[in-house]
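Peer 1: Start counting at 1 in the sequence shown, then tack on 9, and there's your number in the numbering used here.
Every residue gets a Cβ at the ideal spot worked out from N, C-alpha and C, and that includes glycine.
Predicted model only: the values in this text are computed from it and were never measured.
My questions all concern the structure below.
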Amino acid sequence: MPPTLASLVQHSALKLTVRAGADRLDTPVRWAHASELADPVPYMDGGELLLVTATNLDAENAESMRRYVRRLAGAGVAGVGFAVGVNYEDIPAALLDAAEEAGLPLLEVPRRTPFLAISKAVSAAIAADQYRAVTAGFEAQRELTKAALAGDGPADLLARLAAHIDGWAALYDTSGAVLAAAPDWAARRAARLTPDVERLRDRPAPASVVVGDSEDRVELQSLGTGRRARGALAVGTGAALGTAERYAVHSAVALLTLTTARSRSLQGAEQRLGAAVLRMLLAGQPDHARAVAGDLYGGLLDAPFRLLIAEAAAPAGFDLLTETMEAAAARSGEALLMVPEGERVVVLAADGGTAVAACASYAEAQDDRAPREGGAEDSDVVVGLSAPCGPIAVSAAYKQAEQALSVARRRGRALVEHEELAAGSVLPLLADDAVRAFADGMLRALYEHDAKGRGDLVASLRAWLSRHGQWDAAAADLGVHRHTLRYRMRRVEEILGRSLDDPDVRMELWLALKATEAAAPAEA
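Written out as structure tokens, the structure reads:
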């Protein structure tokens, strides 16, 4: 604790006497300062014990003393020490009354006590308090370091930190979810701060912010040294942190940041191992992949899993998506194989697991977000997700994810699952610009022919294809003789230079007609 007016009054060598403001002696004293200025306030920071002899004061003028004392109290001066036996044998009544009226502590300093002795006493008390704080801080650092090196996770470190600050502490992952809290009751309090942690995450590390309500004062500190935070630490106390508590919090932040960095290094090694496992799976070598995967990824290969491929407009998108999936997998204890591949990332995740669900939720939130002017944001991702598969079918799953990714990109969606393509219709795919261009090129000559009034070849072709080449049925739909329809189909072959006996030609023409129909409402 810093020195207070009470501790100075109790100092036996100083012989100070309380003459006013006895109920405010618990006020901390930041310094002792002697000044004979009529208005010393411009040179005060607040918290000082002002020592005076009243050389330049009209100390017997009641109004003058009221103004003087009010100025001092308004500036946050801790108290006034008045030396008797110098200019006045006793403290003037006007000053006493003004101090009582303003509630400003007034101490009588005997002639035999020099101001220098008071300044030395205050300085020594402040130094002793700082030494105690530093010692307590180093002790906290030793305890927290032992807890971090024990390798039992962050719970013990948080428990010791909470004890040192006489409050609570919580650790968050990059998604803002609470990983651990101490004491146990603090987990619910910490969970309410997730929005604040998310905002802190978007600021370059290191960063901090103070939040709070009627319950407590909470300080959030980001973890990490890169352009993005790797987590956050929250500490809740009843008041602002003191020097010793500040040392403890800074030590915890440093240790948790080092732990996070070490975890990232281990993740890098795991990522290289995962890349080898993925290459073997894609090469059709599941047995070799299992042998290399060992305990790290072996469990993932023992059950159905999904393969997803993600692309992002910028690295920030990958960071948010992968961190979200990693955090979800860590909370549930799932294995997650994640391999960067050029400008995208390939992931193997348990089918029906929390990592896949987290990816879907992330993509859904991105789709729900209102688009901004200028196109995609740096955090935007596009994901293609395969059907559930096993180790022997990874190559096929990779192709499925690529196909789904391509469709997601064309449709402007954040995520598309392969099941949507397998179970749905192919017709929505015809809205693609490249397909429309193909259709226009293939049918242009027929449309130009019809535009000159030389027949209705496009409608005749559509009717004939829809009736699978049945002349009578198609002619009836058109209301023409079957010989007329045969003539028109020969003209189609002549104009296109393609044979309608070729099934590939019939398929391409049908898709071209469908693509044209899909474009018609938009053009209208």
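CB-CB under 6 Å to Ser73, same chain, minus the five flanking residues each way: which ones, in chain order?
Peer 2: Taken in chain order, the residues that qualify are Asp67.
Peer 1: Does the separation of the CB atoms of Ala261 and Leu166 fall below 8 Å?
Peer 2: Result yes, Cβ atoms of Ala261 and Leu166 sit closer than 8 Å.
Peer 1: Take Gln230 as the anchor and find which of Gly362, Glu224, Ala263, Ala82 has the nearest alpha-carbon.
Peer 2: Checking every option, the nearest Cα to that of Gln230 belongs to Ala263.
Peer 1: Closer than 8 Å, CB to CB, is Arg281 near chain B or not?
Peer 2: Of the protein chains in this structure there is only one, and it is not chain B.
Peer 1: Please specify which runs of the beta strand (DSSP E), each continuous and at least 3 residues long, are wholly inside the region 392 to 480, giving them in chain order.
Peer 2: Here the runs fully enclosed are 424 to 426.
Peer 1: When DSSP labels each residue in this structure, what does Ala336 get in the three-state scheme?
Peer 2: In the structure shown, Ala336 sits in a helix (DSSP, three-state: H, G or I).
Peer 1: Would you call the region 336 to 350 and the region 404 to 416 touching, i.e. three or more CB-CB distances under 8 Å?
Peer 2: These segments do not touch.
Peer 1: Which of the three DSSP states is assigned to Leu23 in this structure?
Peer 2: It is coil, neither helix nor strand.
Peer 1: Are Val348 and Ala302 closer than 8 Å when you measure CB to CB?
Peer 2: No, they are not a contact pair.
Peer 1: For a quick check, are the C-beta atoms of Leu494 and Ser469 less than 8 Å apart?
Peer 2: Cβ atoms of Leu494 and Ser469: closer than 8 Å.
Peer 1: Which residues in the same chain as Tyr306 place their Cβ atom closer than 6 Å to its Cβ, once the five residues preceding and following it in sequence are excluded?
Peer 2: Taken in chain order, the residues that qualify are Val286, Ala344, Leu346.
Peer 1: Please report the distance separating the alpha-carbon of Gly56 from that of Asp211.
Peer 2: C-alpha separation (whole angstroms): 38 Å.
Peer 1: Considering only C-alpha positions, which residue in the set Glu429, Val220, His458, Leu170 is nearest to Phe147?
Peer 2: With distances taken between Cα atoms, Phe147 lies closest to Leu170.
Peer 1: What is the rounded straight-line gap between the Cα of Lys24 and the Cα of Leu14?
Peer 2: Distance between the alpha carbons of Lys24 and Leu14: 13 Å.
Peer 1: So Glu224 and Ser217 are supposed to be a Cβ contact under 8 Å. How far apart are they, rounded?
Peer 2: Rounded, the Cβ-Cβ distance is 19 Å, inconsistent with contact.
Peer 1: Within 8 Å, do at least three Cβ pairs link the region 148 to 157 to the region 40 to 54?
Peer 2: No, the region 40 to 54 is not in contact with the region 148 to 157.
Peer 1: DSSP on Met53, reduced to helix/strand/coil?
Peer 2: Residue state, collapsed to three classes: coil.
Peer 1: Quick check on the burial criterion: 16 or more other C-beta atoms within 10 angstroms. Buried or exposed for Ala524?
Peer 2: When all chains shown are included, Ala524 counts as buried.
Peer 1: Does the beta-carbon of Ser21 have 16 or more other beta-carbons within 10 angstroms, so that it is buried, or is it exposed?
Peer 2: Exposed, since its Cβ has fewer than 16 Cβ neighbours within 10 Å.
Peer 1: Going by C-alpha distance, which of Met516, Leu316, Ala195, Gly464 is nearest Ala172?
Peer 2: The shortest Cα separation from Ala172 among Met516, Leu316, Ala195, Gly464 belongs to Ala195.
Peer 1: Compare the C-alpha of Val95 against each of Ala87, Val61, Ala82, Arg76 and name the closest.
Peer 2: When each option's Cα is compared against that of Val95, the closest is Val61.
Peer 1: Excluding the five sequence neighbours on either side, which residues of its own chain have a C-beta within less than 7 Å of the C-beta of Thr64, listed in chain order?
Peer 2: Around Thr64: Glu45, Asn96.
Peer 1: List the DSSP bridge partners of His42.
Peer 2: His42 pairs with Leu59.
Peer 1: Could you check the C-alpha separation between Leu455 and Glu429 for me, to the nearest Å?
Peer 2: When rounded, the distance between both Cα atoms is 34 Å.
Peer 1: Entirely within the region 119 to 200 and at least 4 residues each: give me those alpha helix (DSSP H) ranges in chain order.
Peer 2: Counting whole runs of 4 or more residues, the region 119 to 200 contains the alpha helix (DSSP H) stretches 124 to 158, 164 to 174, 195 to 200.
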